[in-house]
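Novice: Protein chains in written order, with this note's numbering: chain A, 1 to 341; chain B, 1 to 312; chain C, 1 to 399.
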Amino acid sequence: MGQLLSTLALVAIGIIAFGAIIGILYWLVSQLREPWRERGRVGVFVGPALLLLAIGLIYPAVATVRMAFYKGDGPDVWAGLSNFKRIFTEGDNPLVLRNNIWWALIVTVFSTAIGVMIARFADRMRGERVAKALIFLPTAVSMVGAGIIWKFMYANSGGGNQSKQIGLLNWLWVKLDPILPGKQTAQFWLQNDKFFGIKSSFLPGMNTLFLMIIMIWIQAGFATTVISAAMKGVPDDLVEAAKIDGASDRQAFFRIVLPYVKPTVITVATTTTIAVLKVFDIIQSTTGGQFHTDTVANDMYVKSFTQSQPGYGAALAVVLFLAVIPIVVINNRNQKELRQG
Amino acid sequence: MSTVPIHAEDAAVGAVTFTDQTPLGTKLARTASGRVGRIVVWILALLWTVPTFGLLVSSFRPEKAIKTTGWWNAFGHLGDMTTKNYSQVLSTKVGGIPFSQYFWNSVKITIPAVVIPIVIAALAAYAFSWMHFKGRDWLFVVVVGLMVVPIQMCLIPLLKLFNLSWLHIGDNGFVKIWIAHAIFAMPLTIFLLKNFIGALPREVMEAARVDGASHLTIFAKLVLPLSVPALASIGIFQFLWVWSDLLVGKVFGGNAQNQPITKAVVDVVGSRGNDWQLLTAGAFIMMIVPLVVFISLQRYFVRGLLAGSVKG
Amino acid sequence: MSTLTMVNLQKRYANGYEAVPGLDLEIKDGEFLVLVGPSGCGKSTVLRMVAGLEDISGGDLLIDGARVNDMGPQQRDIAMVFQSYALYPNMTVGDNIAFAMKLRKTPKAEIAQKVKEVAELLELDKVLDRKPGQLSGGQRQRVAMGRAIVRHPKLFLMDEPLSNLDAKLRVHTRAEIARLQRRLGVTTMYVTHDQVEAMTMGDRVAVLRRGVLMQCASPQELYERPDNLFVAQFIGSPSMNVVRGTVVSTDHGPGVQIGDQTVELGSVGAARFPGIGEMIGRDVAFGVRPEALGGDGSGRLTMQVELVEMLGSELLVHGTVNAPAVRAIDTGVEQSDKPTSMVIASMDPRRKVEVFSTVELPVDIDRVHLFDLDTGLAIGRDAAGRVTDSSSPNELDKG
Ligand SMILES: Nc1ncnc2c1ncn2[C@@H]1O[C@H](COP(=O)(O)OP(=O)(O)O)[C@@H](O)[C@H]1O
Ligand SMILES: [Mg+2]
């Protein structure tokens with residue numbers, strides 16, 4: 001408690017000091033002559049934000065782009081495109097990209113689809129709020145928390161006693177043995193980098209799929225909440241008119257409601273994709289990127305901060321940035337078309 | 001409706017409720033979900049809850065029980081439930097520091113990292129809404145456009161910048177984390193607050209100017225009080241984001257003294273990955289604050305979420 | 001106590017739209033001037049320039065003879081009542097009223113004293129601790145007034161302050177505001193699109209069309225001696241009947257031929273329109289108010305009755321005459337394509353008038369108006385009138 005109080009006191013002092021500085025600056029620029037007075041006032045208001053953005057986003061982004069063309073281990077050893085070349089060609093490196101692409105595709109599709117489904121089926125259902133709240137809850141547990149929750153789900157307590165599993169998934173899996181064909185023994189789910197037994201450089205490993213489930217579990221609540229709010233905004237008259245014209249529930253949903261909320265669905269999908277592309281915490285709190293589950297963001301961290309290859313790390317960050325841009329552009333274009341159409 | 005009404009009043013009431021409750025609105029409106037839909041929703045809700053629930057139950061089971069039997073067996077032995085895991089994890093040392101200290105680190109990181117960017121962004125949002133200057137709209141587009149820059153792109157140069165010796169913040173991890181969070185929150189926070197502050201009634205702002213208020217007075221006496229709902233939503237948003245953050249804390253925290261609880265939990269995963277009694281309890285200590293905030297203030301959070309997801 | 005002077009005041013918006021091409025207007029000390037005109041004519045633009053809320057594109061704005069173009073609103077010592085009232089939602093009524101004084105560091109005791117006075121004057125003393133959200137529409141309006149009058153500013157500016165009230169309250173508040181202003185004696189500029197409000201409240205009324213001042217005069221003068229067709233038709237309800245006619249010469253002096261009949265102006269008309277002798281054969285707009293068709297008069301106008309409206313205090317008789325209607329529009333004067341037009345006469349309510357009958361209406365020649373068909377300007381009025389015959393179109397723009 002003492003620590004909390006001292007923190008709060010610190011923050012209060014900080015805010016008062018900040019307010020005082022702003023006040024003094026404002027008073028100072030108010031002593032200037034026009035047009036500098038008004039300019040100065042604008043500066044006091046937007047200055048702090050612009051300063052933060054300039055030193056914290058714009059300059060670093062530019063510096064990172066520059067760094068991506070340097071070796072980084074020696075001072076300023078020009079590397080040309082070799083960092084990028086390594087990302088796409090060297091050894092297991094391309095698997096990181098492969099994983100990210102699958103992550104973006106699968107997590108986005110599933111969490112958006114689940115969001116649409118729940119938003120539709122739960123709409124005006126009894127207990128709607130409770131059900132949606134439960135699905136929304138993982139949003140709050142943090143990715144690290146989610147990683148541990150699911151690591152526990154996937155746990156293999158090992159040993160010979162296959163029925164004494166502490167991980168829910170393995171327990172179920174072993175229980176299913178008598179029912180399913182073949183022999184179901186406890187698995188190390190997060191170590192299996194084959195896709196249904198196939199070792200491929202295109203298909204994601206099973207372990208990556210299991211990690212994706214974590215992200216879907218987190219993101220579905222976001223999708224549900226936003227899409228559900230949009231669906232509640234569909235005018236009743238519209239649906240009623242369709243019903244009177246003879247549309248079935250299903251037809252009314254696919255022909256009227258879904259097109260109506262399409263911009264929202266696209267926005268949700270875009271936001272999810274961007275979040276997924278940057279996935280880092282889940283990897284950190286589960287496999288740490290081992291067993292071919294690495295992603296761009298995690299690899300970028302590892303290369304930059306533990307393996308001293310800042311040039312390579314910077315190149316990965318640039319790749320991430322380049323991947324985000326077209327998604328944003330496509331989304332904007334879609335939104336614009338829909339607004340006009 | 002086949003019974004004969006006894007009193008005229010009853011008939012009238014019946015008629016009213018009839019017309020009130022069975023308009024097309026409830027009978028035809030939407031796409032009624034039907035039984036299958038409802039079952040699907042509840043199954044999903046259950047699936048979505050079980051993992052967290054399992055971890056919560058486990059965190060109260062004795063170490064030996066956690067490691068040998070599934071948490072679903074706990075219901076037969078409710079008497080065995082214990083808080084020992086919690087006391088154990090709180091005193092466990094991670095990176096030479098007790099786990100409990102990381103909790104307070106997170107508190108110390110989060111509060112300023114929520115307050116600072118919101119205050120700064122509110123000032124900027126006011127300027128973008130109510131001050132006139134050349135290139136205002138253009139500048140706003142640039143600021144919002146910075147939302148697409150991934151944090152990852154900024155980490156190393158920013159860290160180098162912070163470590164410049166004349167800045168004297170090189171060894172103060174908290175300050176670095178605060179500033180970093182403030183920076184990364186800036187574009188979205190400005191965007192959301194501009195949407196809100198820009199929508200305040202123009203005539204009220206003008207009335208204040210006619211009454212002789214300066215921009216600073218208008219901001220402090222009118223805009224801030226009127227923006228409380230938006231500030232609350234964004235604040236909760238930012239709170240959950242900062243508390244849950246691992247990357248920024250890990251990169252800018254420096255030594256263990258300044259690391260957030262997420263970092264400690266991840267370290268436990270790395271070093272003692274099979275000590276489930278530590279992991280479960282530790283994870284719950286980490287999650288309890290955001291869960292409480294989230295559950296008690298969900299309405300505001302959703303509002304912020306909806307406002308935020310309108311962006312391009 | 002102040003005067004307000006606008007010299008060739010101009011406003012061009014950032015998108016290039018010229019809302020006010022150049023306005024000359026002077027408001028005397030203590031005067032209540034109403035700026036009236038159709039919606040979108042630039043009234044608010046003018047008011048906001050005076051308030052300092054809108055940049056001035058050209059010309060000069062003087063308060064007490066000092067140029068204030070470049071001063072911010074807070075330096076001009078004005079108070080403004082907004083259409084939406086613009087109360088501070090987060091402050092109590094008392095704080096709303098006191099806000100400006102607090103900013104000026106007025107001593108606390110003085111603030112409390114003044115707020116109390118104003119609250120009593122406006123019957124707000126019971127609600128001083130409430131927030132605006134808990135007030136009725138009428139109370140909010142009074143708070144907005146209170147916020148303005150508590151400061152004793154040089155100028156009151158009001159932009160349609162009554163338009164959010166229901167009809168009954170509006171009539172009541174209208175009188176209240178006018179009384180208050182006269183009592184306080186503060187120079188006031190009041191904007192409305194409602195000509196009844198303008199006529200009942202203003203010492204003088206300025207009529208604006210597309211940013212151009214059409215006439216500025218006392219309500220009575222505006223009504224009786226409109227400078228042009230636009231003012232003639234904008235002021236008064238039901239509005240002035242205006243049809244096309246031709247100036248002719250009859251046995252008893254000049255007349256106006258309207259369709260197949262002639263309204264004889266006689267010697268009264270000859271005196272009223274001095275230059276009419278030279279206008280024989282010219283088409284003009286012939287205007288006459290409904291009440292000048294229902295009482296006594298030497299002229300005669302026959303019409304076919306189509307509709308009779310009994311209002312209690314008067315009887316409105318609508319009928320057709322065989323001449324096209326003439327109307328002032330935004331850009332000038334428009335003549336109807338239809339060969340017949342509706343004319344309204346206001347009569348003694350005790351008269352009996354049959355629908356579809358033909359009635360002969362007396363025309364009070366003293367209240368007949370003639371307007372130029374191209375420029376819309378009033379034609380040669382009596383000796384006291386400023387305007388004589390003119391066909392120069394520029395005349396209109398200058399107002
Ligand atoms: N900010 C602006 N930019 C461009 N045109 C404007 C602006 N504000 C008002 N206008 C235009 O100027 C004209 C006058 O507006 P206004 O003064 O509000 O009219 P009124 O108050 O008489 O109804 C209108 O045609 C309006 O469309
Ligand atoms: Mg207006």
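Heads up, the beta-carbon is just placed ideally off N, CA and C, and yes, glycines get one too. Source: prediction; values computed, not measured.
#1: Taking only the alpha-carbon atoms, compute the straight-line gap between Pro235/A and Leu90/B and give it to the nearest angstrom.
#2: Which class does Gly429/A belong to by DSSP, given the choice of helix, strand or coil?
#3: Of all the options Gln88/B, Pro51/B, Ile261/B and Trp243/B, which has the alpha carbon lying nearest to the alpha carbon of Val292/B?
#4: Going straight from the alpha carbon of Gly235/B to that of Thr286/A, what length do you get?
#5: From the DSSP secondary-structure annotation, give me the bridge partner or partners of Val343/C.
#6: For the pair the segment 16-36 of chain C and the segment 178-196 of chain A, tell me if three or more CB-CB distances fall below 8 Å.
#7: Does the beta carbon of Val324/A sit closer than 9 Å to a beta carbon anywhere in chain B?
#8: For Arg250/A and Val265/A, I'd like the C-alpha separation in whole angstroms.
#9: Would you tell me roughly how many angstroms separate the C-alpha atoms of Arg299/B and Val115/B, rounded to the nearest one?
#10: For ligand 2, is there any heavy atom lying closer than 8 Å to the beta carbon of Val191/C?
#11: Any residues in the segment 117-143 of chain C with a beta carbon nearer than 8 Å to a beta carbon of chain B? Which ones, in chain order?
#12: Any chance the CB of Asp194/C is under 8 Å from a heavy atom of ligand 1?
#13: So what does DSSP say about Phe133/B, is it helix, strand or coil?
#14: Along the segment 45-61 of chain A, where does the CB come closer than 8 Å to a CB of chain B? Name the residues.
#15: So what does DSSP say about Val149/B, is it helix, strand or coil?
#16: Can you list, in chain order, the residues of its chain with a C-beta nearer than 7 Å to that of Arg140/C? Leave out the 5 residues immediately preceding and following it.
#17: Once you ignore the five residues that flank Phe321/A on each side, which residues in its own chain have a CB closer than 6 Å to its CB?
#18: Between the segment 58-82 of chain C and chain B, which residues of the former have a C-beta closer than 8 Å to a C-beta of the latter?
#19: DSSP on Leu4/C, reduced to helix/strand/coil?
#20: Run through chain C and tell me which residues come within less than 9 Å of Ala213/B, C-beta to C-beta.
#21: Looking at ligand 1, does it come within less than 8 Å of Asp159/C, judged from the CB to the closest heavy atom?
#22: Kindly give me the distance between the Cβ atoms of Gly297/C and Ile379/C, rounded to whole angstroms, as I take these residues to be in contact under 8 Å.
#23: Would you mind stating whether Met153/B and Leu53/A have Cβ atoms separated by less than 9 Å?
#24: With distances taken between CB atoms, is the gap from Ala261/C to Leu301/C smaller than 9 Å?
#25: Is Gly127/A close to chain D, meaning its C-beta is less than 9 Å from at least one C-beta of that chain?
#26: Tell me where the alpha helix (DSSP H) around Arg86/A begins and ends.
#27: Looking only at C-alpha atoms, which of Trp71/B, Ser100/B, Ala122/B and Thr82/B sits nearest to Gly19/A?
#28: What do you get for Gln284/A, buried or exposed, if any count of 16 or more other CB atoms within 10 angstroms of its CB means buried?
#29: Excluding sequence positions up to five away, which residues of its chain have a Cβ less than 6 Å from the Cβ of Tyr86/B?
#30: Return the CA-CA distance between Arg48/C and Arg142/C, expressed in angstroms with no decimal places.
#31: For Gly30/C, which residues of its own chain have a beta-carbon under 8 Å away from its beta-carbon, when the five flanking residues on both sides are left out?
#32: Which residue marks the beginning of the beta strand (DSSP E) containing Thr188/C, and which one marks its end?
#33: Would you mind giving the Cβ-Cβ distance between Ala178/C and Phe32/C, rounded to the nearest angstrom? I have them listed as a contact below 8 Å.
#34: Report all residues from its chain with a CB closer than 7 Å to the CB of Gln3/A; omit the five preceding and five following residues, and keep chain order.
#35: Should Lys134/B be flagged as near chain C, meaning a C-beta pair shorter than 9 Å?
#36: Where does Ala199/B fall in DSSP's three states?
Specialist: Let me lay it out:
#1: For the purposes of this step, residue 235/A is taken as residue 235 along the first sequence, with counting starting at 1. For the purposes of this step, residue 90/B is taken as residue 90 along the second sequence, with counting starting at 1. Looking at the two C-alpha atoms, the distance is approximately 53 Å.
#2: Residue 429/A is absent from the model: chain A starts at 1 and stops at 341.
#3: Residue mapping note: residue 292/B aligns to position 292 of the second sequence, counting from 1. Among Gln88/B, Pro51/B, Ile261/B and Trp243/B, the Cα nearest to that of Val292/B belongs to Trp243/B.
#4: Stepping through the second sequence from its first residue, residue 235/B is reached at position 235. Stepping through the first sequence from its first residue, residue 286/A is reached at position 286. Cα to Cα, Gly235/B sits roughly 29 Å from Thr286/A.
#5: Taking the first residue of the third sequence as position 1, residue 343/C is located at position 343. Gly319/C, per the DSSP bridge assignment.
#6: no
#7: Numbered from its first residue, the first sequence carries residue 324/A at position 324. Yes, its Cβ sits closer than 9 Å to a Cβ of chain B.
#8: Translated into the one-based positions of the first sequence, residue 250/A becomes position 250. Translated into the one-based positions of the first sequence, residue 265/A becomes position 265. Between Arg250/A and Val265/A, the C-alpha separation is close to 18 Å.
#9: Numbered from its first residue, the second sequence carries residue 299/B at position 299. Numbered from its first residue, the second sequence carries residue 115/B at position 115. Distance between the alpha carbons of Arg299/B and Val115/B is about 20 Å.
#10: Here residue 191/C corresponds to residue number 191 of the third sequence, with the count starting at 1. Yes, ligand 2 has a heavy atom inside 8 Å of this Cβ.
#11: none
#12: Taking the first residue of the third sequence as 1, we reach residue 194/C at position 194. Result no, Cβ not under 8 Å from ligand 1.
#13: Taking the first residue of the second sequence as position 1, residue 133/B is located at position 133. DSSP places Phe133/B in coil when its eight states are reduced to three.
#14: Phe45, Val46, Pro48, Ala49, Leu50, Leu52, Leu53, Ile55, Gly56, Leu57, Ile58, Tyr59, Pro60 and Ala61
#15: Stepping through the second sequence from its first residue, residue 149/B is reached at position 149. Note: Val149/B maps to coil in three-state DSSP.
#16: Here residue 140/C refers to the residue found at position 140 of the third sequence. Taken in chain order, the residues that qualify are Tyr85, Leu87 and Pro132.
#17: For the purposes of this step, residue 321/A is identified with residue 321 of the first sequence, where counting begins at 1. Counting only Cβ-Cβ distances below 6 Å, and skipping sequence neighbours, we find nothing.
#18: Gly72, Pro73, Gln74, Ile78, Ala79, Met80 and Phe82
#19: Numbered from 1 along the third sequence, position 4 holds the residue referred to as residue 4/C. If DSSP states are grouped into helix, strand and coil, Leu4/C belongs with the strands.
#20: Here residue 213/B refers to the residue found at position 213 when the second sequence is read from its first residue. Result: Gln74, Phe99, Ala100 and Leu103.
#21: The sequence position of residue 159/C within the third sequence is 159, counting from 1. Checking the Cβ of Asp159/C against ligand 1 gives yes.
#22: Along the third sequence, one-based indexing puts residue 297/C at 297. Along the third sequence, one-based indexing puts residue 379/C at 379. Rounded, the Cβ-Cβ distance is 19 Å, inconsistent with contact.
#23: The residue you call residue 153/B lines up with position 153 of the second sequence. The residue you call residue 53/A lines up with position 53 of the first sequence. Result no, Cβ atoms of Met153/B and Leu53/A do not sit closer than 9 Å.
#24: Residue 261/C sits at position 261 when you count from the first residue of the third sequence. Residue 301/C sits at position 301 when you count from the first residue of the third sequence. Note that residue 261/C is Gln in the sequence shown, not Ala. It is a contact, given that the beta carbons lie within the stated cut-off.
#25: Given the protein chain composition of this structure (A, B and C), no chain D is represented.
#26: The residue labelled residue 86/A in the question sits at position 86 within the first sequence. Looking at the DSSP string, the run of the alpha helix (DSSP H) that includes Arg86/A is Ser82 to Thr89.
#27: Locating residue 19/A in the first sequence gives position 19, where the first residue counts as 1. When only C-alpha atoms are compared, the closest one is Ala122/B.
#28: What you label residue 284/A is simply residue 284 of the first sequence in a count that begins at 1. Label assigned to Gln284/A: buried.
#29: The count along the second sequence starts at 1 and reaches residue 86/B at position 86. Excluding positions up to five away in sequence, the list reads Ala281.
#30: On the third sequence, position 48 is the one that residue 48/C refers to. On the third sequence, position 142 is the one that residue 142/C refers to. Cα to Cα, the separation comes out at about 21 Å.
#31: Counting from one through the third sequence, the residue named residue 30/C turns up at place 30. Hits under 8 Å: Met1, Gly185, Val186 and Thr187.
#32: Position 188 of the third sequence holds residue 188/C. Run containing Thr188/C: Thr187 to Thr192, per the beta strand (DSSP E) assignment.
#33: On the third sequence, position 178 is the one that residue 178/C refers to. On the third sequence, position 32 is the one that residue 32/C refers to. Yes, they are in contact, since the Cβ atoms of Ala178/C and Phe32/C sit about 7 Å apart, within 8 Å.
#34: Along the first sequence, one-based indexing puts residue 3/A at 3. Same-chain partners within the cutoff: there are none.
#35: Position 134 of the second sequence holds residue 134/B. Output row for Lys134/B: interface = no.
#36: Within the second sequence, residue 199/B is the residue found at index 199, counting from 1. The answer is coil: DSSP assigns Ala199/B none of H, G, I, E or B.
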